[in-house]
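Trainee: Chains U and Y supply the protein sequences, listed in that same order.
Taking the numbering used here, the leading residue of the first sequence gets 1, the next gets one more, and so forth.
Taking the numbering used here, the leading residue of the second sequence gets 1, the next gets one more, and so forth.
Glycine included, every Cβ here is placed at the ideal spot set by N, Cα and C.
Quick one: the structure is below, questions incoming.
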Amino acid sequence: MSVTLDQVSFAYPGGGAGVRDIALEIREGELLAVIGPSGCGKSTILKLIAGFLMPQSGRVTIAGEDMTHVPPRKRDLGIVFQNYALFPHMTLAENVGYALKLRQVPASEAGGRVREALGMVGLGHLADRLPRSLSGGQQQRVALARALVFRPRALLLDEPLSALDATLRGEMRDEIARLQRLHGIATLHITHDQEEALSMAHRVAVMREGRILQVDTPERLYARPANRTVAAFVGLANLFDGIVLDALNVRTPLGDLACGAHPFPRGMAVTVLIRPEVIRPAESANGPNRFAGSVTRDRFLGALRRFDFTLPGGQCLRIETESHVAPPSAIELPPFAVQVIATGQEGAERSAATTDDNPAVPA
Amino acid sequence: MALSGRPTGLGSAALALYAAYLVTPMALILVGSVGGVWSNTLLPAGLTGRWFETLLANPTFQKAFITSLWVCAATVVACILIGAPLAYAVATARSPALAMFGRILYLTPVAAPAVVLGFGYMLAFSTDALPFLGAGWLTVAAHVVVCLPYFLQTLVADLKLQGVEVLEQAAESLGAPFHRRFLDMVLPGLVHSIASASILVAALSIGEFQLTNLIAGFLHRTYPIVLLQAFYGATGFACAATVVLLALALLAAMAGALVARGATAGRGGIA
C-alpha cells in the first residue's frame with residue numbers, strides 16, 4: 001500500500017518551521033528516506049502522515065483512502081520513535097502484543113504472533129523482560145517488532161538509529177532494511193544521516209526550509225543533484241559559481257572548463273559541481289582541465305586519503321584518492337566529472353514530488 | 001571523598017546545629033509526655049504513663065482523632081481523583097498559555113496564606129444561601145485545596161520525566177483510544193508518584209490547623225484543633241497529645257520516604 005502527500009502545507013502556531021506544498025509518494029514496498037538539516041521539516045512530514053499534526057491544506061492518503069482528518073489510532077501505521085517509546089511497565093511480550101490486544105485478537109493467535117515478531121528480531125528469549133533491562137539496540141528491535149506485529153499499512157521510522165552508537169547503527173541499518181524488504185511494506189525513514197539514507201533507501205527525498213528539493217534514487221541523487229543545495233548536502237562536493245559558455249564548456253573561477261552535457265543556455269549563471277573522488281592526480285598541468293597546485297592538507301582516512309589541493313590563485317579543491325596515492329602536484333578534471341547544475345530552486349522542480357521516471361522498487 | 005577546598009567541618013557543624021534545632025523540641029515533647037510534674041524546670045520530674053491514659057479516655061480527643069483520620073482519607077482520595085487527570089491535563093497541554101493558566105490556578109493556594117482562604121470560606125459558606133460552614137465535607141474540600149498543589153507538583157514532574165506524551169503517541173499509533181491510553185499508559189506510570197504524593201497529602205492534611213480552625217464546626221473538629229485546647233491544661237497532657245500527632249506525621253514521612261525509594265528503584269521512563 002502506498003502513502004501520498006498531496007500539496008500538503010503545515011505551519012506551527014508559534015511560527016516554527018513547518019512544511020509547504022509537499023508532494024510525496026511512498027510507494028508500495030518502498031523505503032523512502034527523508035533527509036535534511038535540523039528544522040527542515042522532515043519530522044513534521046512524519047507527524048502529518050501519522051496524524052499527530054493536521055495539515056492546513058492538502059491531502060494525506062493511505063492506500064488511496066483520504067486520511068487527512070482521520071485520527072492516528074485509525075490510520076493503521078506502525079511507528080518507530082526516536083527514543084523507541086517502549087512502555088516501561090510492560091514486558092517485551094506485552095509491548096509487542098499491545099496493538100493485538102486493542103484489536104481484540106484472540107489470545108492464542110496473539111501469543112503466536114507476538115512470539116513470531118520477537119523471534120523475527122532475535123529477542124524471543126527475552127519476552128518476559130522489562131524494556132529497561134535491554135540495550136539500546138535490543139530496545140530498537142522491540143520497537144520494530146511492536147510496529148510490525150499488527151501488519152500495518154505503512155511503517156514510519158523517526159530517526160530510529162540516532163540514539164545508538166556507530167557500530168550498532170551499522171548493524172541496525174541492515175536489520176531495518178532486511179525487515180522492510182521481508183514485509184514489503186511502504187516505509188518512511190526520517191534521518192539526518194545521509195549515509196544511513198543512501199545505504200538503506202530505495203529513494204531519498206532531500207528537504208530544506210520546509211520544502212522538498214529532490215526525490216530520487218540514492219545513486220541519481222548523488223550523481224545528478226538537482227541544484228547546489230542538494231549537491232552540497234549529499235556527499236562531499238567542490239562547488240563553484242559558473243557561467244555557461246556553450247553546451248560543453250563553462251567559465252569558472254578555476255578557468256574555462258570542458259564539462260559534461262547540460263541543458264542550460266549560453267550565458268546562464270550556474271553551479272559547477274566536481275565530486276572529490278573523480279578528480280585525478282596528473283603528471284603535469286599541460287592540457288585542458290588540468291591544473292598545477294599544492295596539497296595544503298592531507299587526511300589519511302584508512303581506505304581513503306583526502307587532500308585539500310590549492311591552486312596558485314587560491315582556489316581550493318577537495319580530492320579523494322586511494323590511501324596509497326602520493327600527494328599530487330597537478331590534477332585533472334575529466335569533462336564528464338565537471339557537472340553543470342542549477343544554482344537555485346528551479347532545478348528541484350524537475351525531480352521533486354513523485355517522479356514517474358524513477359526505477360521501480362526492487363523486489 | 002570530600003572535594004578539595006570544601007569546608008566539610010563547617011557543613012557538618014551547620015547540619016548538626018540544624019538537627020539539634022529540629023530534634024530538641026520533639027525530644028522535649030517526648031520527655032514531657034511521660035514526665036510527672038513539669039513546672040519551671042528544664043526537664044520534668046518523675047516518670048508516668050497517666051497522660052496517655054487520660055488522653056485515651058478523653059472522648060473529645062478520640063472523636064477528633066477519628067475525624068482527622070477520615071478527613072485525611074477523604075482528602076487523599078479526592079486529591080487522587082481530581083489530581084491525576086488534572087496533572088495529566090497540565091503536563092500534556094499543547095498550548096503553553098493553557099499550561100501556564102493551569103499552573104497558576106493550582107499554585108494559587110500555595111501563594112495565598114491559609115488564613116486568607118479561611119476568611120474566604122467563612123464569608124462564602126456562612127450565608128443563608130450557602131450555610132455549610134462547619135460541615136465535614138467543607139473541611140475535606142478545604143484540605144483538598146491546600147494539599148492539591150503539592151500532589152500536582154509531584155505528578156506533573158513525574159509525567160514530564162517519563163515523557164508521557166511520546167508514550168501516548170506510541171499507544172495511539174497502535175490503536176489506543178484516549179481512555180485506554182490514560183488507563184494503560186498514564187496511570188500505571190504514575191503509581192509510585194501517586195503513592196508518594198498521597199502520603200505527602202496525608203501528612204499535610206493530618207497537621208493542617210490554620211484553615212481548619214476557621215472553618216471546622218464543633219462537630220467536626222480535627223485533632224490539631226483540639227490539641228490547641230490541651231495546651232491550656234497540664235503540660236504533660238499537652239505533650240502526650242502532641243506525641244500522637246507527631247507519631248502520625250513521622251509515620252507518614254517514613255512511608256513517603258520508602259515509597260519514594262521504591263519509585264526511584266523501579267523508575268522507568270521512555271525506554
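The beta strand (DSSP E) spanning residue 250 of chain U covers which residue range?
Mentor: Taken as a continuous stretch (DSSP letters only), the beta strand (DSSP E) holding residue 250 of chain U covers 249-252.
Trainee: Compare the C-beta of residue 57 of chain Y against all C-beta atoms of chain U and say whether one is closer than 8 Å.
Mentor: Chain U contact via Cβ: absent.
Trainee: Just list the residues that DSSP pairs residue 310 of chain U with in beta bridges.
Mentor: U/294 and U/316.
Trainee: Can you find the residues in the same chain that come closer than 7 Å, C-beta to C-beta, to residue 61 of chain Y, ignoring five residues on each side of it along the sequence?
Mentor: Once the five neighbours on either side are set aside, the close Cβ partners of residue 61 of chain Y are 55, 226 and 241.
Trainee: With 7 Å as the limit, tell me which residues of the stretch 75-109 of chain U have their beta carbon closer than that to any beta carbon of chain Y; keep them in chain order.
Mentor: Those residues of the stretch 75-109 of chain U that come within reach of chain Y (Cβ to Cβ, closer than 7 Å) are 77, 79, 81, 83, 84, 85, 86, 87, 88, 89, 98, 99, 102 and 103.
Trainee: Measuring straight from C-alpha to C-alpha, what distance separates residue 366 of chain U and residue 246 of chain Y?
Mentor: As shown, chain U starts at 1 and ends at 363. That puts residue 366 of chain U outside it, with no answer to give.
Trainee: Taking contact to mean 3 or more Cβ pairs, one atom from each stretch, closer than 8 Å, check whether the stretch 97-110 of chain U and the stretch 168-179 of chain Y are in contact.
Mentor: Touching, yes.
Trainee: Contact check, residue 90 of chain U vs residue 137 of chain U under 8 Å by CB: the rounded distance?
Mentor: Between residue 137 of chain U and residue 90 of chain U the Cβ distance is about 19 Å, and since that is not below 8 Å, they are no contact.
Trainee: Could you tell me how far apart the beta carbons of residue 33 of chain Y and residue 233 of chain Y are, in whole angstroms, since I believe they sit closer than 8 Å?
Mentor: Contact flag wrong, Cβ pair sits at about 13 Å.
Trainee: Report the neighbours of residue 166 of chain Y on chain U: residues whose CB is nearer than 8 Å to its CB, in chain order.
Mentor: In chain order: 81, 83 and 85.
Trainee: Should residue 275 of chain U and residue 235 of chain U be called a contact, given that it needs their Cβ atoms to be closer than 8 Å?
Mentor: Yes. Within cutoff.
Trainee: Step through the CB atoms of chain U and report whether any lies within less than 8 Å of the CB of residue 53 of chain Y.
Mentor: So, not an interface residue.
Trainee: In this structure, does DSSP put residue 181 of chain Y in helix, strand or coil?
Mentor: Of the three classes helix, strand and coil, the one that applies to residue 181 of chain Y here is helix, per DSSP.
Trainee: Please report the straight-line C-alpha distance between residue 133 of chain Y and residue 217 of chain Y, rounded to a whole angstrom.
Mentor: Spanning the two alpha carbons is a distance of roughly 7 Å.
Trainee: Buried or exposed, going by whether 16 or more other CB atoms sit within 10 Å of the CB of residue 195 of chain U?
Mentor: So residue 195 of chain U ends up on the exposed side.
Trainee: Confirm, please, whether the CB-CB distance from residue 288 of chain U to residue 258 of chain U is below 8 Å.
Mentor: Their beta carbons are under 8 Å apart, which means residue 258 of chain U touches residue 288 of chain U by this criterion.
Trainee: Is residue 150 of chain Y buried or exposed, if buried means 16 or more other CB atoms sit within 10 Å of its CB?
Mentor: The residue in question, residue 150 of chain Y, is buried, as its Cβ has 16 or more Cβ neighbours within 10 Å.
Trainee: Return no unless some Cβ of chain Y is closer than 8 Å to the Cβ of residue 50 of chain U.
Mentor: Closer than 8 Å to some Cβ of chain Y, the Cβ of residue 50 of chain U qualifies, so yes.
Trainee: Which residue wins for smallest C-alpha separation from residue 164 of chain Y, given the options U/88, U/10, U/146 and U/334?
Mentor: That would be U/88, whose Cα lies nearest to the Cα of residue 164 of chain Y.
Trainee: At 8 Å on the CB atoms, spell out the chain U contacts of residue 180 of chain Y, in chain order.
Mentor: Simply 102.
Trainee: Count the other CB atoms, across all protein chains shown, that sit within 10 Å of the CB of residue 302 of chain U; report buried if there are 16 or more and exposed otherwise.
Mentor: It is exposed - the Cβ of residue 302 of chain U has fewer than 16 other Cβ atoms within 10 Å.
Trainee: Determine the extent of the alpha helix (DSSP H) in which residue 206 of chain Y is found, giving its start and end residues.
Mentor: Note, residue 206 of chain Y: alpha helix (DSSP H), 187-207.
Trainee: Suppose you measure from the CA of residue 103 of chain U to the CA of residue 115 of chain U; what does that come to, to the nearest Å?
Mentor: The alpha-carbon atoms of residue 103 of chain U and residue 115 of chain U are separated by roughly 17 Å.
Trainee: Is there at least one Cβ from chain Y nearer than 8 Å to residue 218 of chain U's Cβ?
Mentor: Not one chain Y Cβ lies under 8 Å of residue 218 of chain U.
Trainee: Alpha carbon to alpha carbon, how far is residue 308 of chain U from residue 191 of chain Y? Give it in angstroms, no decimals.
Mentor: Distance between the alpha carbons of residue 191 of chain Y and residue 308 of chain U is about 60 Å.
Trainee: Can you find at least 3 beta carbon pairs, one from the stretch 43-50 of chain U and one from the stretch 63-78 of chain U, that sit closer than 8 Å?
Mentor: Short answer: they touch.
Trainee: Is the stretch 200-216 of chain Y touching the stretch 134-149 of chain Y in the sense that three or more CB pairs, one from each, lie closer than 8 Å?
Mentor: Yes, the stretch 134-149 of chain Y touches the stretch 200-216 of chain Y.
Trainee: Where does residue 125 of chain U sit, in a helix, a strand or coil, going by DSSP?
Mentor: Residue 125 of chain U falls in the helix class under three-state DSSP.
Trainee: Buried or exposed: which applies to residue 348 of chain U, given that a residue is buried once 16 or more other Cβ atoms fall within 10 Å of its Cβ?
Mentor: Reliability of the predicted coordinates at residue 348 of chain U is poor, the pLDDT of 47 falling under 50, and no value is obtained from them.
Trainee: For residue 239 of chain U, which option in U/270, U/325 and U/265 has the closest C-alpha, if you only look at C-alpha atoms?
Mentor: Among U/270, U/325 and U/265, the Cα nearest to that of residue 239 of chain U is on U/270.
Trainee: From residue 111 of chain U to residue 122 of chain U, what does the alpha carbon distance come to, in whole angstroms?
Mentor: C-alpha separation (whole angstroms): 16 Å.
Trainee: From residue 72 of chain U to residue 53 of chain U, what does the alpha carbon distance come to, in whole angstroms?
Mentor: Distance between the alpha carbons of residue 72 of chain U and residue 53 of chain U: 9 Å.
Trainee: Does chain U have any CB closer than 8 Å to the CB of residue 205 of chain Y?
Mentor: Not one chain U Cβ lies under 8 Å of residue 205 of chain Y.
Trainee: Counting only Cβ pairs nearer than 8 Å, list the residues of chain Y close to residue 72 of chain U.
Mentor: 169, 172 and 173, listed in chain order.
Trainee: I'd like to know if residue 252 of chain Y contacts chain C, where contact means its C-beta is closer than 8 Å to some C-beta of that chain.
Mentor: Included in the structure are the protein chains U and Y, with no chain C among them.
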